[in-house]
Amino acid sequence: MSMIMGLINYNIEKYTPQQLVVIPLALLVISIILLSLNMVTTGMPVKPGIDFSGGTAVTLDTADTADQLRATFAAYPLTDVSEGVNNGKFLKFGAMDDAKFRSLTDLISQKYPDAKIDQIGETFGKTLQEQAVIAIIFSFIGMAIVIYLSFRTFVPATAVVVSAFADMVMTAATMNIIGIPLTLGTTAALLMLIGYSVDSDILLTNRVLKRQGKLVDKLKGAFDTGIIMTSTTFAAVTAMLIVSWIGSVQILIEISAVLLIGLVFDVLNTWLTNAALLKWYVQKEGGK
Amino acid sequence: MNSKEIMGIVSDWRVAILLILVVLSIIAIYPHFDEQGHPASNLQYGLDLQQGSWIQLEFNAEVVGFTTDKQTEEFVTDLSKWLDTEVSLVDATHVEIRKSYTKEALDPVFADAGGKITSYAPGVSKATAEDVKRILENKINQIGTKDAKVQTLTGMNNVARYVRVELAGVDMKQAQELVGKQGKFEIRVMTVGNSSEHVLFGDSITSVQMPSQSPPGSDKWGVSFTLSEAGATAFQDAAIKYGATKDPANHYLNMLLDNKTVYSAPLSDDLARQLNTVKTRQLYASTGTGKAGSTAATNLEIHLRAGALPVGVTIAGSGGVSAPLGERYKLMALLAGIFALITVGFVIYYRYREPGIVLPMVLINASEILILLGFISLIKFQMDLPTIAGLIAVLGTGIDQLVVITDEILHEGKVPSPGVYVKRLSRALSIIVTAAATVFIAMLPLALMDLSTLKGFAIITILGVLVGVIITRPAYGKVIMEILSK
Numbered sequence: 186m187s188m189i190m191g192l193i194n195y196n197i198e199k200y201t202p203q204q205l206v207v208i209p210l211a212l213l214v215i216s217i218i219l220l221s222l223n224m225v226t227t228g229m230p231v232k233p234g235i236d237f238s239g240g241t242a243v244t245l246d247t248a249d250t251a252d253q254l255r256a257t258f259a260a261y262p263l264t265d266v267s268e269g270v271n272n273g274k275f276l277k278f279g280a281m282d283d284a285k286f287r288s289l290t291d292l293i294s295q296k297y298p299d300a301k302i303d304q305i306g307e308t309f310g311k312t313l314q315e316q317a318v319i320a321i322i323f324s325f326i327g328m329a330i331v332i333y334l335s336f337r338t339f340v341p342a343t344a345v346v347v348s349a350f351a352d353m354v355m356t357a358a359t360m361n362i363i364g365i366p367l368t369l370g371t372t373a374a375l376l377m378l379i380g381y382s383v384d385s386d387i388l389l390t391n392r393v394l395k396r397q398g399k400l401v402d403k404l405k406g407a408f409d410t411g412i413i414m415t416s417t418t419f420a421a422v423t424a425m426l427i428v429s430w431i432g433s434v435q436i437l438i439e440i441s442a443v444l445l446i447g448l449v450f451d452v453l454n455t456w457l458t459n460a461a462l463l464k465w466y467v468q469k470e471g472g473k
Numbered sequence: 005m006n007s008k009e010i011m012g013i014v015s016d017w018r019v020a021i022l023l024i025l026v027v028l029s030i031i032a033i034y035p036h037f038d039e040q041g042h043p044a045s046n047l048q049y050g051l052d053l054q055q056g057s058w059i060q061l062e063f064n065a066e067v068v069g070f071t072t073d074k075q076t077e078e079f080v081t082d083l084s085k086w087l088d089t090e091v092s093l094v095d096a097t098h099v100e101i102r103k104s105y106t107k108e109a110l111d112p113v114f115a116d117a118g119g120k121i122t123s124y125a126p127g128v129s130k131a132t133a134e135d136v137k138r139i140l141e142n143k144i145n146q147i148g149t150k151d152a153k154v155q156t157l158t159g160m161n162n163v164a165r166y167v168r169v170e171l172a173g174v175d176m177k178q179a180q181e182l183v184g185k186q187g188k189f190e191i192r193v194m195t196v197g198n199s200s201e202h203v204l205f206g207d208s209i210t211s212v213q214m215p216s217q218s219p220p221g222s223d224k225w226g227v228s229f230t231l232s233e234a235g236a237t238a239f240q241d242a243a244i245k246y247g248a249t250k251d252p253a254n255h256y257l258n259m260l261l262d263n264k265t266v267y268s269a270p271l272s273d274d275l276a277r278q279l280n281t282v283k284t285r286q287l288y289a290s291t292g293t294g295k296a297g298s299t300a301a302t303n304l305e306i307h308l309r310a311g312a313l314p315v316g317v318t319i320a321g322s323g324g325v326s327a328p329l330g331e332r333y334k335l336m337a338l339l340a341g342i343f344a345l346i347t348v349g350f351v352i353y354y355r356y357r358e359p360g361i362v363l364p365m366v367l368i369n370a371s372e373i374l375i376l377l378g379f380i381s382l383i384k385f386q387m388d389l390p391t392i393a394g395l396i397a398v399l400g401t402g403i404d405q406l407v408v409i410t411d412e413i414l415h416e417g418k419v420p421s422p423g424v425y426v427k428r429l430s431r432a433l434s435i436i437v438t439a440a441a442t443v444f445i446a447m448l449p450l451a452l453m454d455l456s457t458l459k460g461f462a463i464i465t466i467l468g469v470l471v472g473v474i475i476t477r478p479a480y481g482k483v484i485m486e487i488l489s490k
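Residue numbers (the numbering used here), protein chains in the order written: chain A, 186 to 473; chain B, 5 to 490.
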């Protein structure tokens with residue numbers, strides 16, 4: 186399915202609601218399976234980054250290769266070296282005691298004085314993780330309450346909440362596949378998705394339920410507006426991704442990548458999942 | 005558009021408020037060149053956008069709720085003895101234990117002492133946390149860094165588990181040393197003229213109490229502290245040897261921290277008489293009356309501790325950014341913002357192909373960011389990278405909502421009558437308000453929790469939503485109406 190704005194003619198008239206939800210439903214099931222598998226093997230649905238698992242992350246600019254860096258830090262529990270553009274390097278270390286960590290900071294400040302260091306202890310990471318989980322749950326419940334209060338009809342409100350849920354689950358599964366860890370930054374991005382993914386759903390529901398006219402026209406009108414909304418956010422976030430990529434700003438790269446993934450699934454879930462449920466609801470109500 | 009029409013738009017109160025806020029924001033941000041000719045502003049940067057470091061310490065202590073049939077004082081004393089550590093009463097049903105124990109380890113001890121645990125939370129009481137905060141601030145002041153922040157993270161149960169120190173312009177090594185460092189404390193006694201003799205060092209002081217009034221309830225402040233057996237002997241010997249017991253007024257006792265005198269006073273007559281015959285471990289240094297006395301007592305308490313914290317801590321997390329990296333992040337953040345605004349402008353232009361619509365949209369969008377930045381400057385909020393991400397997301401969704409308004413008003417026919425316009429605008433606003441409410445609610449948990457750097461991000465996103473709904477969207481509704489009805 187290609188979604189190039191202005192070029193696509195959104196017309197779901199010839200499809201039944203059941204046909205429309207096939208693709209998103211299949212993706213949702215696959216995502217849930219992926220997350221559950223991860224949950225069983227690692228205890229977390231998404232791989233936690235050092236913010237939650239504890240460890241040390243070092244960002245530095247150097248022409249040294251990954252192998253040279255591994256040799257430099259051979260005495261320390263270096264777990265991962267990844268490379269950005271412009272000589273940007275990201276190093277991850279496992280847990281260390283205070284003395285070891287101090288000697289690591291000494292070494293780094295001596296060899297790479299311009300580095301950025303972030304160290305999170307294991308218990309502190311666990312505290313952060315617990316709080317992050319609570320934040321996500323409360324955010325989602327809060328969002329659902331606002332939606333139910335604002336629409337006051339069960340099926341349309343549920344459609345919005347289900348779409349938002351599917352967005353999050355699919356995004357989380359994709360993070361696992363392409364290896365973006367759950368950090369404070371990506372948690373923020375997921376929370377942002379809860380808020381933003383309902384934007385176009387609310388627009389769609391409002392247009393379909395509150396406007397006069399043929400369903401197919403209302404859906405098309407809503408799509409024309411909605412796809413622009415998503416495109417603008419997509420454009421802003423892409424800009425952020427490109428700049429942060431060039432500048433090796435890890436946290437912004439992660440946040441923007443998660444937002445972009447989420448926005449793609451948002452298009453899918455709004456215009457297939459949510460639209461299908463709404464179509465089914467309107468047809469059922471109209472048939473009475 | 006002629007000048008009369010422009011005046012018509014500007015004098016609309018919604019547009020007028022927007023313009024006034026933009027001007028105020030620019031004043032608040034105050035972009036200027038500093039003495040060296042570098043661009044500068046009132047914006048404050050967090051630790052990932054400027055050189056600095058942070059250390060988060062975890063308290064090795066816990067606050068435990070209890071019930072007991074025994075006398076509370078007796079119970080607490082017993083606990084302290086059994087656990088061989090300082091145990092103090094927080095309130096009638098909670099004690100603070102200044103050593104790390106799991107709940108499982110404490111259960112039998114409480115049972116043996118004749119009580120039962122009703123709650124368990126790692127951390128210290130608010131009062132102890134404030135104490136720690138004061139001591140750390142005092143240490144930081146000694147190195148004179150211009151921009152330091154000490155923050156205790158207190159949970160909803162009033163138990164503080166962490167304290168976070170942020171130091172701008174200080175590298176990680178320095179910060180680690182600073183937080184770990186203890187001063188050299190010494191008591192000396194005046195002999196003849198300006199000479200003095202050593203009495204004891206800080207290691208002879210076994211505990212220091214919080215400032216108190218003596219007699220209790222009076223306005224006379226001071227600090228009690230306890231000496232070790234050896235320290236008490238040394239104190240008595242020196243006082244007798246150098247004549248402080250016979251002639252207190254001419255043989256002041258001086259307290260020095262890192263060789264600087266921080267307290268100087270004679271022995272009280274009572275104490276002088278007593279020291280002639282018996283040594284004492286419990287001493288009380290009075291600091292005067294009223295507010296000044298109380299402040300002096302607080303400082304003396306810190307000095308007596310010589311920078312040692314009243315409770316053990318471990319480093320829970322730390323980090324630091326170098327000056328060049330901070331500068332680069334700042335530049336990247338600025339570029340990302342500008343680049344985002346431009347690409348958003350292109351997308352909007354692609355859709356509407358009408359400069360008369362696109363220009364106001366982009367300008368309103370930019371003004372929203374400007375107002376947010378103005379507000380950030382005003383409240384001296386420290387911007388960090390997640391905040392920047394929040395601002396860019398506000399940019400992206402801000403324009404979304406302008407699209408909703410435009411499309412709603414443009415729906416079926418370009419020139420709406422005022423009545424239809426109001427109806428369509430209110431329909432658009434109802435969509436926007438619902439969307440804004442969900443973002444607000446979704447971000448609220450983060451804004452209320454102490455999830456490290458994400459608090460700032462959440463607050464900025466919420467502020468962005470509020471500025472949008474209350475100020476910029478209504479103004480845009482008015483502007484677009486004027487433009488479309490031409």
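Cβ atoms here follow ideal geometry from the backbone N, Cα and C, with glycine treated the same way.
{"Asked": "Contact residues within the stretch 356–368 of chain B, judged by C-beta distance below 7 Å to chain A", "Found": "none"}
{"Asked": "Sufficient close CB pairs (3 or more, under 8 Å) joining the stretch 411–423 of chain A to the stretch 392–405 of chain B", "Found": "yes"}
{"Asked": "Cα-Cα separation, residue 409 of chain B to residue 286 of chain A", "Found": "54 Å"}
{"Asked": "Inter-residue spacing [alpha-carbon to alpha-carbon] between residue 88 of chain B and residue 289 of chain B", "Found": "27 Å"}
{"Asked": "Straight-line Cα distance separating residue 340 of chain A from residue 526 of chain B", "Found": "Since the first residue of chain B shown is 5 and the last is 490, residue 526 of chain B is not available in this structure."}
{"Asked": "Inter-residue Cα distance where the pair is residue 334 of chain A and residue 307 of chain B", "Found": "58 Å"}
{"Asked": "Simplified DSSP assignment, three categories, for residue 431 of chain B", "Found": "helix"}
{"Asked": "Span separating the alpha-carbon of residue 103 of chain B from that of residue 311 of chain A", "Found": "20 Å"}
{"Asked": "Contact with chain B by residue 383 of chain A, beta-carbon distance below 7 Å", "Found": "yes"}
{"Asked": "Beta-carbon contacts of residue 371 of chain B that lie in its chain and below 6 Å, excluding the five residues immediately before and after", "Found": "26"}
{"Asked": "Proximal residues to residue 469 of chain B (C-beta, below 6 Å), its chain only, five neighbours per side dropped", "Found": "440, 443, 444"}
{"Asked": "Residue-level contact to chain B via CB, residue 448 of chain A, 7 Å cutoff", "Found": "no"}
{"Asked": "Contact list for the stretch 165–192 of chain B against chain A, Cβ threshold 8 Å", "Found": "165, 166, 175, 176, 177, 180"}
{"Asked": "Interface partners of residue 461 of chain B on chain A, CB under 8 Å", "Found": "373"}
{"Asked": "Those residues which DSSP pairs with residue 212 of chain B across a bridge", "Found": "B:229"}
{"Asked": "C-alpha gap between residue 202 of chain A and residue 401 of chain A, whole angstroms", "Found": "13 Å"}
{"Asked": "Chain-ordered residues of the stretch 265–290 of chain A with a beta carbon less than 8 Å from chain B", "Found": "283, 286, 287, 290"}
{"Asked": "The alpha helix (DSSP H) enclosing residue 373 of chain B, as first and last residue numbers", "Found": "359–382"}
{"Asked": "Beta-carbon proximity list for residue 224 of chain B, same chain, < 8 Å, skipping 5 on both sides", "Found": "217, 218, 290, 292, 293, 297"}
{"Asked": "Option nearest residue 31 of chain B by Cα separation, candidates B:46, B:446, B:40", "Found": "B:46"}
{"Asked": "Where residue 385 of chain B sits in the DSSP three-state scheme", "Found": "coil"}
{"Asked": "Contact list for residue 386 of chain B against chain A, beta-carbon separation under 9 Å", "Found": "Ordered by position in chain A, no residue passes the 9 Å Cβ test against residue 386 of chain B, which lies about 16 Å from the chain."}
{"Asked": "Minimum Cβ-Cβ distance from residue 455 of chain A to chain B less than 7 Å", "Found": "no"}
{"Asked": "Enclosing beta strand (DSSP E) for residue 55 of chain B [first to last residue]", "Found": "Element bounds for residue 55 of chain B: n/a, residue is neither H nor E."}
{"Asked": "Counted within 10 angstroms of its Cβ, other Cβ atoms place residue 37 of chain B as buried (16 or more) or exposed", "Found": "exposed"}
{"Asked": "Closest by C-alpha distance to residue 333 of chain B, when choosing among A:299, A:291, A:295, A:336", "Found": "A:299"}
{"Asked": "Three-way DSSP call (helix, strand, coil) for residue 377 of chain A in this model", "Found": "helix"}
{"Asked": "Cβ-Cβ separation, residue 408 of chain A to residue 195 of chain A (assumed contact under 8 Å), whole Å", "Found": "4 Å"}
{"Asked": "Enclosing alpha helix (DSSP H) for residue 246 of chain A [first to last residue]", "Found": "No alpha helix (DSSP H) contains residue 246 of chain A, which is instead part of the beta strand (DSSP E) from 240–246."}
{"Asked": "Distance between residue 337 of chain B and residue 214 of chain B (C-alpha atoms, nearest Å)", "Found": "46 Å"}
{"Asked": "Listed by chain order, chain A residues near residue 105 of chain B by CB distance under 9 Å", "Found": "Ordered by position in chain A, no residue passes the 9 Å Cβ test against residue 105 of chain B, which lies about 14 Å from the chain."}
{"Asked": "Whole-angstrom distance between residue 66 of chain B and residue 23 of chain B, CA atom to CA atom", "Found": "53 Å"}
{"Asked": "Delimiting residues of the alpha helix (DSSP H) encompassing residue 351 of chain B", "Found": "327–356"}
{"Asked": "Min CB distance residue 347 of chain B to chain A below 7 Å", "Found": "yes"}
{"Asked": "Amino acids of chain A, ordered along the chain, whose beta-carbon sits closer than 8 Å to that of residue 333 of chain B", "Found": "432, 434"}
{"Asked": "Contact set for residue 447 of chain B: own chain, Cβ-Cβ below 7 Å, skip 5 residues either direction", "Found": "462, 465, 466"}
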